[in-house]
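Residue 73 in numbering that gives the first Met the number 0 sits at position 74 of the sequence shown; the count goes up by one each step and never skips.
Note that beta-carbon positions come from the ideal geometry of N, C-alpha and C, so glycine has one too.
Treat the numbers as computed from the prediction; the structure is a model and nothing was measured.
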Amino acid sequence: MKQSVSYQSLYKAWQICRKGKSTGKQAQKYKSNLIKNLYNTQQALQTCYYQPAPMRCFIANNGVKPREIHAPHFKDRVLHHWLVPQLAKIIEPKFIYDSAANIKNKGTHFAVKRLQKFMRQLQATHRTAYDTSNTPFVISNTPFVTSNTPFVTSN
């Protein structure tokens, strides 16, 4: 299936991709031949011949422990910024409303608020006990369903 890839959409993807990366060597090299690079990407995509460049592998020592990082080439990052929004339009409507991972205007705060809402509903309906005072991710050791709940029978 061939899809038309506009030069303008690739240019917009490059503009988004370069934010925060404009001083990097790969970004500067890509920019020095911007028109040719975007044209080559456009042609490769339209002919279904696009080949990603080898990933750059390095060790990041800026955290608690060293991490191995596999970073895509800048031209592949431009393609990601072009492709992901198009895929999101197709895929995201199929997600349930409560799916919050990597979705614009959703995320951790959205997920925590939804969880707290459901927990309040559960408490109102079934008189459950929960604790979110310290952190929204920690639930106290108190059982969700107490012995006062009519659905629990003791043997």
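Residue i vs residue j beta-carbon contact at 8 Å
| i | j | result |
| --- | --- | --- |
| GLN41 | LEU82 | no |
| PRO51 | ASP75 | yes |
| LEU155 | VAL4 | Residue 155 lies beyond the range of the chain shown here (0 to 154); nothing can be said about it. |
| ALA59 | PRO53 | no |
| CYS16 | VAL77 | yes |
Terminal residues of the beta strand (DSSP E) in which residue i lies
| i | result |
| --- | --- |
| ILE68 | 66-70 |
| ILE89 | Run containing ILE89: none in the beta strand (DSSP E); it sits in the alpha helix (DSSP H), 73-90. |
| ALA52 | No beta strand (DSSP E) holds ALA52; DSSP gives it neither H nor E. |
Presumed contact (8 Å Cβ cut-off) between residue i and residue j, rounded CB distance
| i | j | result |
| --- | --- | --- |
| TYR29 | PHE57 | With 8 Å as the limit, TYR29 and PHE57 do not qualify as a contact, their Cβ atoms being about 19 Å apart. |
| ALA99 | PHE109 | 5 Å |
| ALA26 | LYS20 | 5 Å |
Extent of the continuous alpha helix (DSSP H) to which residue i belongs
| i | result |
| --- | --- |
| ILE15 | 6-17 |
| ALA43 | 33-45 |
Alpha carbon of residue i to alpha carbon of residue j, nearest angstrom
| i | j | result |
| --- | --- | --- |
| TRP13 | HIS80 | 7 Å |
| ARG55 | GLU67 | 10 Å |
| MET118 | ILE95 | 19 Å |
| LEU37 | LYS18 | 17 Å |
| LEU114 | ILE102 | 17 Å |
| GLN120 | ILE90 | 30 Å |
| ILE138 | ASN104 | Caution applies to ILE138, whose pLDDT of 48 falls short of 50 and renders its modelled position unreliable; the model cannot decide the point. |
| TYR48 | ASN39 | 10 Å |
| ALA123 | ASN61 | 46 Å |
| GLY106 | ASP97 | 10 Å |
| GLN7 | LYS88 | 19 Å |
| LEU155 | PRO71 | Only positions 0 to 154 of the chain appear in the structure, and residue 155 is not among them; the question remains open. |
| GLY23 | LYS11 | 19 Å |
| LYS116 | THR46 | 49 Å |
| HIS69 | VAL63 | 18 Å |
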